[in-house]
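Take the sequence shown: its letter number 76 is residue 76 in the numbering used here, and every next letter is one higher. Below: one structure, written as structure tokens.
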Amino acid sequence: MAGLESRKKLADWRTMQHRGRNKILKASRDPVARARLLTEITSSRPVTLHISEADRASALASLPAFLFHGPAATDPGRSNQHRPCLPSFLATFPPEIRNIIYGYAISYPTCRNLYDYYYDQKEKARAKVELRPRSGNTKVSRHSKVALRTPTILLLCKQITREALSVLYLQPFVIDRIPPWIMGNPSPLSLVEFISRPTFQNLRFVQIKISLGENNEFRSGQVWLQILNDVLEAWSQRNSLIRLQIMVKLSNVTRPNIWFYELEDYEKLVQKLSYFEFKHGLKPGLIRWEHWVLDLGYAYRVGFRNPVIRVHPDPYIWQGSVIEWL
1 MAGLESRKKL ADWRTMQHRG RNKILKASRD PVARARLLTE ITSSRPVTLH
51 ISEADRASAL ASLPAFLFHG PAATDPGRSN QHRPCLPSFL ATFPPEIRNI
101 IYGYAISYPT CRNLYDYYYD QKEKARAKVE LRPRSGNTKV SRHSKVALRT
151 PTILLLCKQI TREALSVLYL QPFVIDRIPP WIMGNPSPLS LVEFISRPTF
201 QNLRFVQIKI SLGENNEFRS GQVWLQILND VLEAWSQRNS LIRLQIMVKL
251 SNVTRPNIWF YELEDYEKLV QKLSYFEFKH GLKPGLIRWE HWVLDLGYAY
301 RVGFRNPVIR VHPDPYIWQG SVIEWL
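Shown next as structure tokens:
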């Protein structure tokens, strides 16, 4: 059974749902309240990971040292030592323009893109098997590895790699969906199969969006515990995290039959992440927590007496769930 503190949190979540519903009900009757609610829901300021100037400086200061040191431009032992060095085409643009170009050229993939790429690989492997009907091996492995790729822009030269990484390191990597769950497997595939372990360990800003309480017969908290085990194990060996934001999306908070077990899993998730922060975090306060109570097409943010409300569809709140791959 969940502890007293977790049961208090569940009561707070139910109170937040009640306040959010009252706020919407008031907006349905009062034109002034309705105008305020519509302004809040359609706010031009999205609720995203805020990166402070101190965190930005820490991220840029952690670029690999070898990118700042290279061979001399000329070598006295070579016959072409007096040949003038021509500036690169990209260097003719000011840094602000180059950063915009890098922003279009490189970014972390979404979980949806990663998993779609996995299924594309499976389809290509199946197509190859079908083109070789006489081959003895006519089965497509259910546990085949994902072919990992390095963006081409990071393989050109040190200057471009350094500048592109300075843009990439300031972007958060978002884990908002579980990996594909292959039929017959006891758990989803590991995230480390989609993103290499060194890439995980070099991430600076990460958002993890956990969905709980979605189903009466399926414990979503257990699934997220399995997913986080591989991620935290990789980070426990080495990590470069500057900020880790955990967003917990809470569904069906008024149904005790669901939350009798989900609350236990929520406790385990909090304990696991808090232990990682204490044992392997590079600085205190590494993790920021954020809770949203989902109520059909509305979401209420916990922690405010007057709850912040978002409405479906909102790409920040509704991305995907545990039962998406079942």
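Beta carbons are placed, not taken as given, at the ideal position from N, Cα and C, and that holds for glycine.
Those residues which DSSP pairs with residue i across a bridge
i, result
"M183", "DSSP, once it has assigned bridges, lists no residue as partnering M183."
"Y300", "V293 and I309"
"G249", "What sits at residue 249 in the sequence shown is Lys, not Gly. Answer is S211 and W292."
"R243", "F205"
"F200", "According to DSSP, F200 bridges with nothing at all."
"I287", "L244"
"F173", "V206"
Separation of residue j from residue i, as counted between CA atoms
i, j, result
"R126", "Y119", "10 Å"
"K268", "S196", "26 Å"
"L296", "A164", "41 Å"
"I309", "H18", "12 Å"
"L155", "D55", "26 Å"
"V231", "Q222", "15 Å"
"I178", "E290", "19 Å"
"Y108", "D30", "44 Å"
"K283", "A57", "15 Å"
"E277", "S240", "12 Å"
"I287", "N202", "17 Å"
"T74", "V192", "With a pLDDT of only 37 at T74, under 50, the local geometry of the prediction cannot be trusted, and no value is derived from it."
"T92", "Q171", "25 Å"
"L326", "I97", "At L326 the pLDDT is 43, less than 50, meaning the model places this residue with poor confidence; the figure from the coordinates comes in the next sentence. The straight-line gap from Cα to Cα measures roughly 44 Å."
"Q226", "R112", "19 Å"
"P180", "R238", "26 Å"
"R7", "R21", "21 Å"
"N99", "L244", "24 Å"
"V322", "I182", "With a pLDDT of only 46 at V322, under 50, the local geometry of the prediction cannot be trusted, and no value is derived from it."
Cβ shell of residue i (< 6 Å), same chain only, five flanking positions each side left out
i, result
"E324", "Bear in mind that the predicted position of E324 carries a pLDDT of just 49, short of 50, making it unreliable; the figure below should be weighed with that in mind. Closer than 6 Å at Cβ, skipping near neighbours: no residue."
"Q159", "none"
"K209", "D176 and M247"
"D314", "none"
"E5", "none"
With 16 other Cβ atoms within 10 Å as the buried cut-off, status of residue i
i, result
"V32", "exposed"
"P188", "buried"
"D116", "exposed"
"Y275", "exposed"
"F194", "buried"
"Y169", "buried"
"T150", "exposed"
"T161", "buried"
"Q207", "buried"
"C157", "exposed"
"P198", "exposed"
"R219", "buried"
"Y102", "buried"
"G184", "exposed"
"L114", "buried"
"F173", "buried"
"P76", "For P76, the predicted model reports a pLDDT of 41, less than 50, meaning its position is unreliable and no value from the coordinates is stated."
"L10", "buried"
"G303", "exposed"
"P95", "exposed"
"P307", "buried"
"T39", "exposed"
Beta-carbon proximity list for residue i, same chain, < 7 Å, skipping 5 on both sides
i, result
"A2", "L263, E264 and E267"
"R14", "V253 and T254"
"N216", "N257 and I258"
"W318", "H312"
"I41", "I309, R310 and V311"
"M16", "V293, Y300, V302 and P307"
8 Å Cβ cutoff met for residue i and residue j
i, j, result
"Y316", "I24", "no"
"R204", "I242", "yes"
"Y300", "V293", "yes"
"K249", "S190", "no"
"W224", "F200", "no"
"L228", "K272", "yes"
"I106", "I153", "yes"
Close-in-space but distant-in-sequence residues of the same chain around residue i (CB under 8 Å, 5 per side omitted)
i, result
"G327", "No answer is possible for residue 327: the residues shown for the chain start at 1 and end at 326."
"L37", "K23, I24, A27 and I309"
"E53", "none"
Within-8 Å CB hit, residue i to chain D
i, result
"Q17", "Of the protein chains in the structure, only one exists, and it is not chain D."
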